[in-house]
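In this note's numbering, the protein residues as written are 413 to 704. Cβ coordinates follow ideal geometry from the N, Cα and C atoms, glycine included. Encoded as structure tokens, the structure appears first; notes follow it.
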DNA sequence: AGTTGTCAAGCTAGT
DNA sequence: ACTAGCTTGACAACT
């Protein structure tokens, strides 16, 4: 099991998700920002290797405005050497990589322009993983999307639109069930029609489920991952106390985490700690895991 | 130097 | 009808 955290490291003073305002866009600004981001990404990865955190989510902001029409700069060619070097580092240390485009990526949208913008954004994410020369186990996770008042149609639209995606995207795309709309079972139904792997989220499952136990759910999700996809990816957070259902905790709850480990003992998966204090909780989680 | 409104993009649920 | 929340974090204009 590999343990990791998403996008941001709070220990080292370096971020790989610097951006700027669209109004200030220029090629020089883009090159400057991306150079900084790639340098910091390397430092973060080196930190992770030192601490044996071998699962990492790369920020979608690595290349600001990459999928926006304003960007006509051939950044993949320009930064190819840097990406290759980073890819080497990742592969040598055997780090698992994921990316998570934000809520604007909806391949089941009703408006064609939202779908086409979403595809551009997915293309951008896939390009990063391709430039790193990572195999098909490096994934891009999205949710099923909106329900638009008709869940069944929304799921069907996902299936139809998914089938039209390029293999560059399809080979990396996975779906994650969410905490109020599309359950694990909904995602499994989509998997049955598309073969898309299903990423498992412990907190979402606690919020919305069909009475499977955690262990049963992890096994079901695992089966959607083929050998080339790598082992199941999971997201983990615990419920914040006295907050809205689904709200992430600000620091690791060691008791809850140990409970999850007990429930899933003997199963193989990678786990991403979606917790506010990032690498601190990931390091803590690794300690608990090593005592198991 | 510190504070704070705002940022490319969308949907849902609660008010 | 409006807006907080979603991985919210970071930019940039203003004190």
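Can you tell me whether residue i is buried or exposed? The criterion is at least 16 other CB atoms within 10 Å of its CB, across all chains shown.
{"i": "residue 472", "result": "buried"}
{"i": "residue 425", "result": "exposed"}
{"i": "residue 707", "result": "Coverage of the chain is limited to positions 413 through 704, which leaves residue 707 absent and any answer about it impossible."}
{"i": "residue 528", "result": "exposed"}
{"i": "residue 438", "result": "exposed"}
{"i": "residue 633", "result": "buried"}
{"i": "residue 523", "result": "exposed"}
{"i": "residue 375", "result": "Nothing can be reported for residue 375: it is not among the residues displayed for the chain, which extend from 413 to 704."}
{"i": "residue 560", "result": "exposed"}
{"i": "residue 550", "result": "buried"}
{"i": "residue 445", "result": "buried"}
{"i": "residue 442", "result": "buried"}
{"i": "residue 537", "result": "buried"}
{"i": "residue 548", "result": "exposed"}
{"i": "residue 598", "result": "buried"}
{"i": "residue 493", "result": "exposed"}
{"i": "residue 646", "result": "buried"}
{"i": "residue 588", "result": "buried"}
{"i": "residue 486", "result": "exposed"}
{"i": "residue 636", "result": "buried"}
To which residues of the same chain is residue i closer than 7 angstroms at the C-beta, ignoring the five residues directly before and after it?
{"i": "residue 661", "result": "649, 650, 651, 652 and 687"}
{"i": "residue 557", "result": "518, 519, 520, 521, 566 and 570"}
{"i": "residue 539", "result": "488"}
{"i": "residue 526", "result": "518"}
{"i": "residue 573", "result": "519, 520 and 527"}
Does DSSP classify residue i as helix, strand or coil?
{"i": "residue 589", "result": "coil"}
{"i": "residue 433", "result": "coil"}
{"i": "residue 491", "result": "coil"}
{"i": "residue 684", "result": "strand"}
{"i": "residue 568", "result": "helix"}
{"i": "residue 611", "result": "strand"}
{"i": "residue 524", "result": "helix"}
{"i": "residue 631", "result": "helix"}
{"i": "residue 416", "result": "strand"}
{"i": "residue 646", "result": "strand"}
{"i": "residue 576", "result": "coil"}
{"i": "residue 422", "result": "coil"}
{"i": "residue 651", "result": "strand"}
{"i": "residue 464", "result": "coil"}
{"i": "residue 594", "result": "coil"}
{"i": "residue 480", "result": "coil"}
{"i": "residue 672", "result": "helix"}
{"i": "residue 606", "result": "helix"}
{"i": "residue 677", "result": "coil"}
{"i": "residue 621", "result": "coil"}
If you drop the 5 nearest sequence neighbours on each side, which residues of the same chain put their C-beta closer than 8 angstroms to that of residue i?
{"i": "residue 693", "result": "417, 663, 664, 685 and 687"}
{"i": "residue 639", "result": "none"}
{"i": "residue 499", "result": "543, 544, 545 and 546"}
{"i": "residue 677", "result": "704"}
{"i": "residue 432", "result": "441, 445 and 476"}
{"i": "residue 474", "result": "428, 429, 446, 449, 450, 453 and 540"}
{"i": "residue 469", "result": "416, 417, 418, 419, 509, 510, 511, 512 and 684"}
{"i": "residue 701", "result": "413, 415 and 673"}
Bridge partners of residue i, per DSSP?
{"i": "residue 472", "result": "Per DSSP, none; premise fails for residue 472."}
{"i": "residue 510", "result": "469 and 551"}
Between which residues of its own chain and residue i is the CB-CB distance below 6 angstroms, once the five residues before and five after are set aside?
{"i": "residue 623", "result": "none"}
{"i": "residue 590", "result": "555 and 616"}
{"i": "residue 594", "result": "556"}
Exercise. Report yes or no: do three or more beta-carbon pairs, one from the region 571 to 584 and one from the region 611 to 630, lie closer than 8 angstroms?
Key: With a cut-off of 8 angstroms, the region 611 to 630 and the region 571 to 584 do not count as touching, because too few Cβ pairs lie within range.
Practice item. For the region 451 to 459 and the region 420 to 434, state whether three or more C-beta atom pairs, one from each stretch, are separated by less than 8 angstroms. Key: Verdict: yes, contact present.
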